[in-house]
Structures are given as structure tokens and as C-alpha cells.
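Right, one structure below, let's go through it.
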Amino acid sequence: MTNAEPETPTTQARPRRNVRVVIAKPGLDGHDRGAKVVARALRDAGMEVIYTGLRQSPEQIVAAAAQEDADVIGLSILSGAHLPICKRILDLLAEKGMTQVKVFVGGIIPAQDIPELKKLGVAEVFLPGASTQDIIRLIETTVPAR
């Protein structure tokens, strides 16, 4: 007879990994308050958040997502360059076989560009004033923890 406790389903279960989110500021835009607010809200909701900082190229953003095994890329774009930036990031994700990574965009996005962004493969677009709870809820329902 041993004194060891029998294994239960909870002790046998593999630990669940939180959703990993890369938050990035592509291009020359230097205003990152919104990105930091979203990053903090996602972190407080239990997600693992990697903030890349300002002035990131699409190549740097996708490399960070690959290195960090990200489930989500969140882009904050205020410069008006959202269409070419998103297209390049989605093309790079496809080239690297990372099509499971969801891309969300927030910032100053004209309403007429939203359908084109979604056609490119952007999961959702968040405009100024979007609730962080809506962002969290959408990520939680779109990207289950592994």
C-alpha cells in the first residue's frame, strides 16, 4: 500500500494555455494610448499579451506572432494605411502557414473600408469608442484557449 493519492481527472489534465495576443502599432503612427488600454484590458481578462511597441513593420509583427505562438494579432492603426498594412500582414501569415491566427484591427477606419478589410480576412474592426468588454468577448468566443 502506498500513501500516494490516486490520480484524479484534475491532476491528469494538461494545463490550459491562455489565449496569446500580439498587440502592434504598424507604420509611422506614434499614438499608442488605445493600444495600451486594450492590451491592459486583455491582460486583466486573463490573456497573455505581447505589446510590440511603436512603428512596427508587417514583417516584424508577423515574426513576433510566430515567435510568441500567438493566437491573435491586434493592430492599432490611426494613419489611414490600414488596407495595405492589413493586406501585407495577412499575406505574410498565409505564406508562413499561420492562417489560424486571427487579426483584429482598431483605430480610425472609414466605414466604407470595413467590408474590404473583412474580405481580406480581418476578423473584426473596432472603431473609436468600442468597449474593451466587446473586444474581450469577441476574442474569447472566436479564439478558444488551448
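Per our numbering, the very first residue in the sequence shown carries number 4; after that it's consecutive. Glycine included, each C-beta is placed from N, C-alpha and C at the ideal position.
Collapsing the DSSP output to three states places P87 in a helix. Distance from the CA atom of I53 to the CA atom of R140, rounded to whole angstroms, is 19 Å. The beta-carbon separation of I80 and V108, rounded to 6 Å, stays under the 8 Å limit for a contact. Collapsing the DSSP output to three states places K105 in a strand.
With a cutoff of 8 Å on beta-carbon distance, G77 and V22 are scored as not near each other. If you ignore the 5 residues before and after S82, its C-beta comes within less than 6 Å of the C-beta of G30, D32, all in its own chain and listed in chain order. When DSSP reads this structure, R23 sits in a beta bridge with E51. In this structure, the beta-carbon distance from D116 to L86 falls below 8 Å. Its Cα nearest to that of V41, the residue D137 stands out among L95, D137, T144, R20.
In the DSSP secondary-structure assignment, P29 is bridged to Q59.
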